[in-house]
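> Each position in the sequence shown, counted from 1, maps to that position plus 1 in my numbering.
Every residue, glycine too, gets a C-beta built ideally from N, C-alpha and C.
In this text the structure is predicted, and so the values were computed from the model without any measurement.
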Amino acid sequence: MSSHYKTRRGTDRLNALARAAAWSGSVASAASMAVLAYFGRRERKGMAPMNAPSHWLWREESLRERGFTVRHTVAGYLIHHGSSVFWAVPFEYLLLEGPHRPRRIAVLGLTLAAVAAGVDLKLTPKRLTPGFERHLDGSSLAIVYGVFGLALGAAHALRCEQCRSLRKGRHPGC
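(1) Look up histidine 101 in the DSSP assignment and say whether it is helix, strand or coil.
(2) Curious, which full-length alpha helix (DSSP H) runs of at least 4 residues does the stretch 28–76 contain?
(3) For leucine 30, which option in Gly41, Cys161, Leu153 has the closest C-alpha, if you only look at C-alpha atoms?
(4) Is the stretch 129–145 touching the stretch 36–56 in the sense that three or more CB pairs, one from each, lie closer than 8 angstroms?
(5) Residues in the same chain with beta-carbon distance under 8 angstroms from alanine 158, minus the five sequence neighbours each way, listed in chain order, please.
(6) Grab the span of the alpha helix (DSSP H) containing valine 120 for me, first residue to last.
(7) What three-state label does DSSP hand aspartate 138 in the structure shown?
(8) Does the distance from the CB of leucine 129 to the CB of leucine 109 come in under 8 angstroms?
(9) Assign asparagine 166 to one of two classes, buried (16 or more other C-beta atoms within 10 Å of its C-beta) or exposed (fewer than that).
(10) So what's leucine 1 in DSSP terms, helix, strand or just coil?
(11) Helix, strand or coil for glycine 26, going by three-state DSSP, please let me know.
(12) Between the stretch 86–93 and the stretch 16–35, are three or more C-beta pairs nearer than 8 angstroms?
(13) Check whether the Cβ atoms of serine 33 and valine 145 lie closer than 8 angstroms to each other.
This is the structure we're talking about:
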């Protein structure tokens with residue numbers, strides 16, 4: 002880690018972690034939402050998988066909605082996005098002391114996605130699950146979570162590569 006990021010206070014490190022998690026969580030959110038859209042269309046469910054997370058707010062009504070609505074689709078995306086950033090925090094935390102090889106980053110992303118799937122689908126009360134598991138089969142869910150994990154890793158690697166190419170030193174974890 003470069004001396005630029007060594008601080009006596011943990012504030013800079015915490016800020017770096019928050020920025021990294023916001024970036025990788027956002028990329029993973031967009032990638033996994035695109036896969037949800039694909040499976041919704043392929044399985045003739047419309048936008049139901051993307052609307053489903055809004056069942057946190059609108060209960061069963063959200064799980065039945067198949068079209069685009071601000072109430073369901075936008076709320077569903079925002080909830081999904083927040084959850085993605087939440088899961089990106091431990092991912093980026095585990096990578097703070099870098100640099101890491103691409104394989105380690107990918108394995109860590111996939112491992113974290115598997116943990117997220119287990120927590121989301123098995124340990125979380127039904128009322129707070131993602132909801133899209135009610136519209137997709139097991140193999141589709143595995144792909145959604147797999148893409149999520151790979152996107153976390155790709156976003157981390159891209160951020161580190163941009164940092165190197167701009168010669169700005171290294172971010173924590175790069």
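Straight from the coordinates:
(1) Along the sequence shown, read from residue 1 onward, the residue named residue 101 stands at position 100. If DSSP states are grouped into helix, strand and coil, histidine 101 belongs with coil.
(2) 49–52, 56–59, 61–65
(3) Start at 1 with the first residue of the sequence shown, and residue 30 comes out as number 29. Note that residue 30 corresponds to serine in the displayed sequence, not to leucine. With distances taken between Cα atoms, serine 30 lies closest to Leu153.
(4) yes
(5) Along the sequence shown, read from residue 1 onward, the residue named residue 158 stands at position 157. Pro103, Ile106, listed in sequence order.
(6) As a position in the sequence shown, residue 120 is number 119, starting the count at 1. Unbroken run through valine 120: none, as it is neither H nor E.
(7) Numbered from its first residue, the sequence shown carries residue 138 at position 137. Residue state, collapsed to three classes: coil.
(8) As a position in the sequence shown, residue 129 is number 128, starting the count at 1. As a position in the sequence shown, residue 109 is number 108, starting the count at 1. No, these two residues do not count as a Cβ contact at 8 angstroms.
(9) To locate residue 166, count along the sequence shown from 1; it is residue 165. Asparagine is not the amino acid found at residue 166; the sequence shown has serine there. Under this definition serine 166 is an exposed residue.
(10) Nothing can be reported for residue 1, as the shown portion of the chain is limited to 2 through 175.
(11) Counting from one through the sequence shown, the residue named residue 26 turns up at place 25. Correct three-state label for glycine 26: helix.
(12) yes
(13) As a working mapping, residue 33 is identified with position 32 in the sequence shown. As a working mapping, residue 145 is identified with position 144 in the sequence shown. Going by C-beta atoms, serine 33 is nearer than 8 angstroms to valine 145.
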